[in-house]
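Participant:
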Amino acid sequence: ERKCDLSGLWRNELGSLMEIDKVNDAGEFSGKYLTAVTATSNCIRSSPLKGAQHDTTQRSQPTFGFTVNWEKFSNSTTVFVGQCFVGDKGKETLKTMWLLREEVGSPGDGWRATRVGTNVFTRKRNLEP
Ligand code: B9F
Numbered sequence: 426e427r428k429c430d431l432s433g434l435w436r437n438e439l440g441s442l443m444e445i446d447k448v449n450d451a452g453e454f455s456g457k458y459l460t461a462v463t464a465t466s467n468c469i470r471s472s473p474l475k476g477a478q479h480d481t482t483q484r485s486q487p488t489f490g491f492t493v494n495w496e497k498f499s500n501s502t503t504v505f506v507g508q509c510f511v512g513d514k515g516k517e518t519l520k521t522m523w524l525l526r527e528e529v530g531s532p533g534d535g536w537r538a539t540r541v542g543t544n545v546f547t548r549k550r551n552l553e554p
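Using my numbering, the first residue of the sequence shown is number 426, and each one after it goes up by one.
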């Protein structure tokens, strides 16, 4: 059956794009995240991502996690965890949940520092050979 590999270009239901480079033998990967939404009026630029996925020789629908560093925006960070599913006709979807940590000035402001949500990604295209 078709196995889910995270390499390639993906888009979520918000219209955000992420491009993931070739996953290495240890399951580690890196790429770029281009968010379609921001909570501020900063212009949108791509931010680096790094993560790890389970071995696809053992698992056809692997779980994974990755971190996006919003370096161009501020010192905020989003982590995603999810699983890749292969549906009918080999259509791949990534079901994820995310936590977004905003930088705050002191521990007392921590109560408002974290946002949570879900995103579903579908494949736009494979990696160029
Ligand atoms: O809006 C975020 C942000 C960081 C510092 C100023 C603005 C950056 C973009 C986050 C995008 C999120 C969504 N996009 C997506 O595809 S990541 C999870 C969602 N999925 C406002 C002030 C501090 C934090 C937020 Fe900021």
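Don't be surprised by glycine CBs; every beta carbon is placed ideally from N, CA and C.
#1: With distance defined between alpha-carbon atoms, name the residue in 541, 501, 482 nearest to residue 452.
#2: So residue 435 is in the beta strand (DSSP E); what residue range does that whole segment cover?
#3: For residue 550, which residues from the same chain have a beta carbon less than 8 angstroms from its beta carbon, with the 5 sequence-adjacent residues on both sides left out?
#4: What would DSSP say about residue 497, mapped onto helix, strand or coil?
#5: Please identify the residue among 428, 530, 475, 460 whose C-alpha is closest to the C-alpha of residue 446.
#6: When we look at the beta-carbon of residue 472 and count the other beta-carbons within 10 Å, is it buried (16 or more) or exposed?
Facilitator: For this structure:
#1: Proximity to residue 452 across 541, 501, 482 peaks at 482, based on C-alpha coordinates.
#2: Boundaries of the beta strand (DSSP E) harbouring residue 435: 433–437, taken from the DSSP string.
#3: Closer than 8 angstroms at Cβ, skipping near neighbours: 433, 434.
#4: Residue 497 falls in the coil class under three-state DSSP.
#5: The shortest CA-to-CA distance from residue 446 to any of 428, 530, 475, 460 is the one to 475.
#6: Classification of residue 472: buried, given that the 10 Å Cβ count is 16 or more.
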